[in-house]
Amino acid sequence: MPEISSRFEGLGVGFAPYLQPPGPEVVRWTVGEPGFSTPEEILDATIEELRNGNTKYTRGAGSMELCQAVADYVSKHHDIEVAAEDVVVTPGAKQAMLYSFLITTMPGDEAILLAPSWASYEPMLEFIGAVPVHVPVRKDNFHPDLQAIRDAISERTRVIILNSPCNPTGAVFTPEEIQGILDIAIEHDLWIVSDEIYSRMVWVDWPHVSPAALPGGIERTIVVNGWSKSWAMTGMRLGFLTGPPNAVKAAMKSQANSASHVPTFMMEAARVALSCEDSVHEFNHEYRKRRDIMKDGLSKLPGIRVIEPEGAFYIFADITGTGMTDTEFADGALEAGVQLIPASLVTEGDGFIRVSYATDEEAIREGLSRLGKWLLDE
Ligand SMILES: Cc1ncc(COP(=O)(O)O)c(C=O)c1O
């Protein structure tokens with residue numbers, strides 16, 4: 007058998023080892039997937055488009071109607087002003103991230119990640135030969151340390167990767183912090199890739215602000231977003247990116263030479279989703295409730311310190327008070343019937359666990375009761 011290319015040597019797979027489906031008796035707090043059904047209007051649009059025969063090749067960046075709807079959506083909700091021609095609809099936000107990394111780095115170039123960061127960024131960067139540089143966030147609230155970002159910039163730095171609201175920490179960066187990061191990017195002529203997939207899930211009283219909405223931001227920011235989280239469409243694989251014309255042209259080339267486009271019959275469904283505001287509000291109402299139950303329950307357990315979860319649907323809890331490492335804790339929790347993620351799988355995650363409250367309320371309550379029995383009986 008011939009050897010595979012060396013690019014896969016040592017390449018990580020993020021949280022994957024802890025995301026494997028356990029037995030049915032185990033409560034899953036691992037998966038970042040909304041515990042709701044996809045709204046009916048979206049399903050209807052998909053089926054109708056299939057019946058209409060929209061199953062052939064089409065415009066690579068997505069239908070003009072869909073791209074216009076995305077441009078209108080980001081203008082309305084995030085003050086990002088772009089034309090429909092500057093939108094590329096991709097198979098998930100993940101693919102849009104990959105294009106963004108290809109667009110902003112050459113092999114050997116450095117990309118700044120605010121650590122701990124989403125587990126897929128590092129392997130994705132390494133996949134294309136870019137070098138991830140982890141800059142720790144503040145441990146008291148997971149917000150960025152602007153001086154540490156400045157200190158990490160070198161001759162090879164090309165891009166700062168932002169993800170607010172953040173997976174895994176749940177932090178929502180303040181408008182001042184986003185402005186501070188944009189100032190640094192302008193000063194050093196860097197790109198920003200802003201993964202805004204959780205942009206509608208903010209539980210604090212400051213808003214999500216995109217660097218692309220600030221003066222001087224859109225020229226150097228590639229915004230990545232998608233349908234998976236806010237409309238419960240994870241399996242439909244729909245994301246998008248937008249940014250300045252040179253980046254968008256390169257994204258179109260990336261897509262033309264790989265995925266071609268998202269399924270033709272999904273484009274109308276994606277357009278319909280952008281107007282399903284009732285579902286977004288209904289889901290968010292539930293997430294707030296679930297967040298409070300999870301936060302209060304975990305805070306009562308011995309040795310666990312919960313840092314305020316500000317957005318997305320994750321809690322990143324410090325478990326060092328239990329005397330266990332995070333992997334020991336995750337393994338013990340699994341034995342007690344709760345699957346969760348030991349955060350040492352990512353840089354700067356040692357001593358923390360990540361739990362998702364996207365799951366249903368019953369699974370949250372049951373998991374809390376199992377962890378309680380395990381930790382209190384020890
Ligand atoms: C921060 C972040 N970005 C991107 C994605 C991927 O989204 P998609 O399903 O659109 O590829 C996820 C999914 O977990 C995520 O947490």
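In the working numbering, the protein residues as written are 7 to 384.
Just so you know, even glycine gets a beta-carbon here, dropped at the ideal spot from N, CA and C.
Bear in mind the structure is a predicted one, so any value in this text is a computation, not a measurement.
- Nearest C-alpha to L220 among A22, A51, T61, D85: D85.
- Counting every other CB atom within 10 Å of its CB across the protein chains shown gives G355 a total of 16 or more, marking it as buried.
- Note that the C-beta distance between G18 and P129 is below 7 Å.
- Taking 6 Å as the cut-off, the C-beta of G114 does not count as close to any heavy atom of ligand 1.
- S216 is bridged by DSSP to nothing; it lacks a bridge partner.
- For the options F322, E183, A125, the alpha carbon positioned closest to that of H149 is the one of E183.
- Secondary-structure assignment with DSSP links S200 through a beta bridge to L168, V229.
- Between I359 and A323, the gap from beta carbon to beta carbon is short of 7 Å.
- Restricting attention to E161, S123, G176, I118, the CA atom closest to the CA of A154 is found in I118.
- In the DSSP assignment, the residues bridged to D324 are R311, F358.
- By the Cβ criterion, the region 65-75 is in contact with the region 86-93, since at least three pairs of Cβ atoms, one from each stretch, lie closer than 8 Å.
- The Cβ atoms of W209 and G303 lie no closer than 7 Å to each other.
- The count of Cβ pairs closer than 8 Å, one atom from the region 61-69 and one from the region 255-269, reaches three, so the stretches are in contact.
- Ligand 1 has a heavy atom closer than 6 Å to the beta-carbon of W124.
- Counting along the chain, V139 sits inside no alpha helix (DSSP H); it lies in the beta strand (DSSP E) bounded by residues 137-142.
- For L104 and L131, the gap between their C-alpha atoms comes out near 8 Å.
- One Cα belongs to G38, the other to W233, and the distance between them is close to 13 Å.
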